[in-house]
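2 protein chains.
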Amino acid sequence: MVRNDGYDKEAQLFQALAHPVRLQILDILARQEACVCHLTAVLGQRQPYVSQQLAALRQAGLVADRREGTLIYYRLADDRLAELLDQGKALAQAFHGRILTFPPLPVGVLDNCPCPRCQAA
Amino acid sequence: MVRNDGYDKEAQLFQALAHPVRLQILDILARQEACVCHLTAVLGQRQPYVSQQLAALRQAGLVADRREGTLIYYRLADDRLAELLDQGKALAQAFHGRILTFPPLPVGVLDNCPCPRCQAA
DNA sequence: TACAATCATGCAAAATTTTGAATATTCAAG
DNA sequence: CTTGAATATTCAAAATTTTGCATGATTGTA
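Chains as they are written, first to last, in the numbering used here: chain A, 88 to 208; chain B, 88 to 208.
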């Protein structure tokens, strides 16, 4: 069976990336794996909404997950994804003719996150 | 005025790439600039449809155009776009777990294209 | 001016995506 | 086996995108 769906699959990848919240999630995961509650706290969005975006990323194969007790940690499925995101930022800047600014991604522990990593202190 | 729309702009770029026909157009233009009639012939799509996809790419800043008489030649607005597309193909393959195949892009002149380059023979 | 060729735009129906809210699932602890 | 915490799923309304088709605009030429 000969298929020719290369452009369809490539388009699906870019479609998964065509959403600001999903891009921010991927940027967070590019630095370190994170559980859903951590992502929820960083993004300031409701948990079901974050889970939905994670489901989209999971179905596209961009992220992988790992359960630890009741927490589920997500990570990038492929390190090359971080490069693709960097290239995307650079080109978006070029096409827009100005420096784009991104919200700061807090590093380390979060007050409003219940996961063990953040409550360790 | 402080903006934080980096992810919005990045998402707009990926959105412009999230379409198989637009991806194929960009792959054609990555090799050489081409007029609308040439793209129409290669893609086997109707001319207004091709013009619409070109308009989407133009509004996103991904392509530039140049008029020569009644013909309009399109080209990539930035060479780094070709690299991004290559990375996208590589990752789409990785995420899909198999070799993706793409329709062959004819090189050289086309029988069914009326532009001077193709009618030179 | 008229005509032909090339390309762009406008518009509406169909399809898809996004978003919010309610509810379901899974796991650990008691 | 019940409860609480973390996460996932479902569903429908709203918003956006896609697609096909008709028409408009621009250029070159007679």
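All C-beta atoms, glycine included, are put in the ideal place defined by N, C-alpha and C.
Secondary structure at residue i, three-state DSSP: helix, strand or coil?
i: B:D95; result: helix
i: A:A105; result: coil
i: B:C124; result: helix
i: A:D114; result: helix
i: B:R145; result: helix
i: B:C205; result: helix
i: A:D173; result: helix
i: B:P190; result: coil
i: A:L130; result: helix
i: B:R90; result: coil
i: B:Q139; result: helix
i: B:R185; result: coil
i: B:L168; result: helix
i: A:L178; result: helix
i: B:L197; result: coil
Compute the Euclidean distance between the alpha carbons of residue i and residue j, then round it to the nearest angstrom.
i: A:A179; j: A:F101; result: 14 Å
i: B:L104; j: A:S138; result: 25 Å
i: A:E135; j: A:V108; result: Position check: residue 135 of chain A holds Pro in this sequence, whereas Glu was assumed. C-alpha separation (whole angstroms): 13 Å.
i: B:D198; j: B:P190; result: 18 Å
i: B:D95; j: B:A142; result: 20 Å
i: A:I115; j: A:R145; result: 15 Å
i: A:G131; j: B:Q99; result: 22 Å
i: A:P193; j: A:I112; result: 12 Å
i: B:V129; j: B:R153; result: 19 Å
i: A:T188; j: B:H106; result: 27 Å
i: B:L110; j: A:V123; result: 33 Å
i: B:R185; j: A:A121; result: 28 Å
i: B:G118; j: B:L168; result: As written in the sequence, residue 118 of chain B is Arg, which differs from the Gly given in the question. In a straight line, the C-alpha of B:R118 is about 12 Å away from that of B:L168.
i: A:V196; j: A:R133; result: 19 Å
i: B:D173; j: B:M88; result: 36 Å
i: B:A151; j: A:P203; result: 51 Å
i: A:D165; j: B:P201; result: 45 Å
i: B:R162; j: A:G175; result: 19 Å
i: B:L63; j: B:H125; result: The structure shown does not extend to residue 63 of chain B, since chain B spans only 88 to 208, so no value can be given for it.
i: A:Q206; j: A:Q140; result: 25 Å
i: A:G156; j: B:G148; result: 47 Å
i: B:H183; j: B:A177; result: 10 Å
i: B:R90; j: B:E97; result: 14 Å
i: B:Y160; j: B:T127; result: 12 Å
i: B:E170; j: B:D92; result: 24 Å
Give me whichever residues DSSP pairs with residue i in a beta bridge.
i: B:A151; result: B:R162
### Interface positions of the region 158-178 of chain B facing chain A (Cβ-Cβ less than 9 Å), listed along the chain
Listed by position, the residues of the region 158-178 of chain B near chain A (Cβ gap below 9 Å) are A164, D165, R167, L168, E170, L171, L172, Q174, G175, K176, A177 and L178.
- prompt: Using a Cβ cut-off of 7 Å, which residues of the region 180-203 of chain B contact any Cβ in chain A, in chain order?
  reply: Those residues of the region 180-203 of chain B that come within reach of chain A (Cβ to Cβ, closer than 7 Å) are A181, F182, H183, L187, T188, F189 and P190.
Against chain A: residues of the region 88-114 of chain B by CB proximity under 9 Å: Those would be V89, R90, N91, D92, G93, Y94, D95, K96, E97, A98, Q99, L100, F101, Q102, A103, L104, A105, H106, P107, V108, R109, L110, Q111 and D114, in chain order.
With 7 Å as the limit, tell me which residues of the region 120-153 of chain B have their beta carbon closer than that to any beta carbon of chain A; keep them in chain order. For the region 120-153 of chain B, the set of positions with a beta-carbon nearer than 7 Å to some beta-carbon of chain A reads A147, G148 and L149 in chain order.
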